[in-house]
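Chains A and B, in that order, are what the protein sequence lines are.
Under UniProt numbering, the first residue of the first sequence carries the number 1, and numbering increases by one thereafter.
Under UniProt numbering, the first residue of the second sequence carries the number 1, and numbering increases by one thereafter.
Heads up, the beta-carbon is just placed ideally off N, CA and C, and yes, glycines get one too.
These notes concern the structure reproduced below.
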Amino acid sequence: MNSASEAQYREQPAKRLRNAAIRRTGSSAFMTLLGKECLELLRSFKLVWVPIVFVVLGIMQPLLSYFMPVLIEKAGNMPEGTVIEMPPPVGSQVLADTLSQFGLMGLLILALAFMGIVSGERNSGASALVLVKPVSHTSYLLSKWVSMMILTWGSLLLGYAAAWYYTWLLIDFVDVGPFMLSYVLFGLWFTFVLTATLLFSTFLRSAAGAAFSSLGVAVLLSMLAGLMPKYMGWSPGALSGLAYQAVTSEVLLPLNSVSWWSIATAVIGIAVLLMGSVVLLKRAPAHD
Amino acid sequence: MTELLQVKGLTKSFGSVHAVKSIDFSIQEGRCVALLGPNGAGKTTTIRMLTGLLAPTSGEVRFHSLARGEDHRSLIGYLPQTPAFHNGMSGMEYVVYSGRLCGLSASDARKRAMELLERVGLASAAKRRVGGYSGGMKQRLGLAQALVHHPKLLVMDEPVSALDPLGRREVLRLLQELKSETTVLFSTHVLHDAEELCDDVVIIRDGEVALQGSLAAIRNEHRRPVIELKLEDAPHAINWAQSFLQKSRTDELRYSWLSEAELQGNRLYMTASHMDVARQGLMEELTEHKVPFSRLEVGYSSLEDLFMKVVSG
């Protein structure tokens with residue numbers, strides 16, 4: 001009895017030490033995985049070309065708005081003496097247009113860039129070699145998700161800031177408050193869609209399938225939110241519309257309760273999608 | 001000798017296909033064990049369940065040094081049949097990365113990676129991208145990454161099947177060295193590889209263990225005297241052989257020395273239960289019927305014969 005409790009007593013610190021070791025391994029494994037993901041983004045040049053595409057997209061919108069009258073004039077084909085009256089572009093409207101460009105082209109590019117992020121490794125068997133090591137499925141997926149988010153929020157910020165700067169130069173100044181709020185709202189929308197890409201990439205073998213399934217979800221959600229704003233205002237699909245409103249409003253947009261709901265459902269949706277991916281990955285860590 | 005792990009009632013079904021049907025075996029510490037079986041016997045499925053990559057339908061894999069339910073992945077080093085890496089990384093980077101994932105510190109991982117790459121003969125290619133490696137190099141890199149954390153058990157799925165003879169020799173030589181350092185389990189469908197390396201074999205067929213034990217014990221226990229009789233191409237000889245076969249099946253008493261007989265063309269193969277009685281009995285039979293034979297050979301069944309019998313029987 002005495003020796004048994006003594007043994008138990010002696011075992012306690014050992015166990016605690018081991019648990020601490022596991023925790024330490026856990027966080028260092030996550031950092032190692034994240035490092036690898038970032039290295040891969042760099043080596044595959046995604047870390048270079050995706051931000052460049054966003055910057056180009058961002059600059060294009062204010063440039064086009066600014067030079068539109070000149071472009072139409074120079075396009076020829078106009079009978080002599082045609083007078084075209086165009087309302088002068090408004091800075092905040094240009095930024096909203098930029099966002100809608102990002103929502104189409106930017107999202108497509110990001111979904112294509114990340115479509116094989118899990119399925120590629122699973123099909124080749126590279127994930128098997130990682131997951132037989134003492135690495136949790138959660139940190140494996142979370143490292144991928146964080147790397148996606150770094151590229152997504154970074155590219156979006158660069159592109160959007162470029163748009164904001166050129167709008168300021170060429171058209172007019174837009175306040176930083178609305179700009180930042182719309183950035184965060186739009187970033188949340190991107191995060192939601194790309195987390196869906198991660199889930200589909202875990203779920204489907206085909207990378208293209210993952211990209212188009214998640215883009216399909218994005219289109220469906222924003223269409224529903226656009227068609228039935230009354231009923232679907234709480235869905236994450238309403239976030240992009242909210243972002244346009246945020247940037248076009250004069251002052252910082254006061255978010256009403258429905259808007260808060262759409263933010264909340266997006267955050268919950270992201271968490272659920274991530275957990276779903278972990279469950280799916282646990283069920284089958286590797287294909288043959 | 002202590003037992004490292006025990007596999008109890010391990011079962012895996014994919015829908016209605018029962019790939020592995022309640023397998024039991026155990027692995028002693030320090031032994032080299034071959035999981036032997038034809039293609040499709042369930043070797044890879046068993047190995048993937050051992051490594052935790054596949055959840056078993058029922059049954060368990062239990063490591064004795066761990067509490068029930070504890071993660072055993074840190075004890076295992078795994079080399080799949082065709083290892084795939086992150087092709088953008090260099091060999092060195094990959095082994096360091098593997099070491100870091102297993103909880104080594106950055107400097108330890110570097111040191112260990114250097115040592116292992118040297119050992120598997122990849123030191124000169126350490127800085128090249130893995131994507132450009134040949135099959136044999138990938139196999140050796142796979143071995144290095146599997147060994148990075150000094151695993152208690154090295155698990156390999158068909159480590160040499162996909163290699164050319166030269167690469168095969170090289171990997172076999174490495175394994176020969178490694179088996180003195182750690183416990184090794186590998187699957188193969190080539191008996192020869194198992195014979196060359198292993199202490200123990202587990203032969204599986206159709207998802208079930210057909211035979212298991214130490215190689216030496218199996219060899220002794222299942223060694224049977226075999227008599228091969230080559231007959232002249234005369235109708236008389238063939239007739240005799242056929243009636244002899246008939247008799248051997250019906251008249252058990254008289255042919256008690258004979259456990260099995262088989263006629264292939266003009267060759268009669270007999271597996272004897274007692275060599276001396278068999279020799280005597282057969283000679284009597286041959287003289288009595290004046291059987292024209294051209295050759296009579298007495299020998300012992302090889303492990304190959306046993307394997308073929310177990311696997312196809």
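Chain B residues whose Cβ lies nearer than 8 Å to that of G125(A): P80, T82, P83, A84
Residues that V132(A) contacts on chain D, provided the C-beta gap is smaller than 8 Å: Although the question refers to chain D, the structure presented lacks it and instead comprises the protein chains A and B.
Proximity of T32(A) and R100(B) at Cβ, strictly below 9 Å: yes
Beta carbon proximity, T32(A) to chain B, threshold 9 Å: yes
Paired residues, beta bridge with F25(B) - DSSP: V7(B)
Coarse secondary structure for residue 289(A), derived from DSSP in three states: With chain A covering 1 to 288 only, the question about residue 289(A) has no answer from this structure.
Backbone CA spacing between V277(B) and T2(B) [nearest angstrom]: 43 Å
Beta-carbon contacts of A207(A) that lie in its chain and below 8 Å, excluding the five residues immediately before and after: M115, G116, S119, G120, S201
Three-state class that DSSP yields for S209(B) in the structure shown: Correcting the residue identity first, residue 209(B) is Val in this sequence and not Ser. The answer is strand: DSSP assigns V209(B) an E or B state.
Closer than 9 Å to chain B by CB, L129(A): yes
Enclosing alpha helix (DSSP H) for Q245(A) [first to last residue]: 238 to 248
Minimum Cβ-Cβ distance from Q145(B) to chain A less than 9 Å: yes
From K230(B), S90(B), C102(B), residue whose alpha carbon lies closest to that of S27(A): C102(B)
Residue nearest to V95(B) in terms of C-alpha spacing, selected from R129(B), S65(B), R62(B): R129(B)
Reduced DSSP secondary structure (H/G/I, E/B, other) of Y133(B): coil
For C102(B), the three-state DSSP class (helix, strand or coil): coil
Whole-angstrom distance between S74(B) and E304(B), CA atom to CA atom: 36 Å
Partner residues on chain B for V278(A), Cβ-Cβ distance less than 7 Å: Within chain B, no residue comes near V278(A); the closest Cβ sits about 14 Å away, beyond 7 Å.
9 Å Cβ cut-off: residues of chain B touching A29(A): R100, L101, C102, G103
Continuous beta strand (DSSP E) stretch holding V226(B): start and end: 225 to 231
L231(B) classed as buried or exposed, judged by whether at least 16 other C-beta atoms fall within 10 angstroms: buried
Cβ distance (whole Å) where L104(A) is taken to contact P83(B) below 8 Å: That belief does not hold up - the Cβ atoms of L104(A) and P83(B) are roughly 40 Å apart, past 8 Å.
Within-9 Å CB hit, K189(B) to chain A: Per the sequence shown, residue 189(B) should be read as His rather than Lys. By this cut-off, H189(B) is not an interface position.
Helix, strand or coil at G77(B) [DSSP, three-state]: strand
Complete alpha helix (DSSP H) runs within the segment 246 to 285 of chain A (minimum length 4 residues, chain order): 257 to 283
Meets three-Cβ-pair contact criterion under 8 Å: the segment 180 to 195 of chain B and the segment 142 to 161 of chain B: yes
Counted within 10 angstroms of its Cβ, other Cβ atoms place V202(B) as buried (16 or more) or exposed: buried
Where T287(B) sits in the DSSP three-state scheme: helix
Within chain B, the residues that P79(A) reaches when beta carbons sit closer than 8 Å: Here the premise fails: no neighbours, minimum Cβ distance about 58 Å.
Distance CB(L156(A))-CB(G216(A)) smaller than 9 Å: no
As assigned by DSSP and simplified to three states, the class of I204(B): strand
Short CB-CB distance (under 9 Å) between R283(A) and chain B: yes
Enclosing alpha helix (DSSP H) for G15(B) [first to last residue]: Here G15(B) belongs to no alpha helix (DSSP H), and DSSP marks it neither H nor E.
Three-state class that DSSP yields for S100(A) in the structure shown: helix
Alpha-carbon to alpha-carbon, V94(A) and Q101(A): 10 Å
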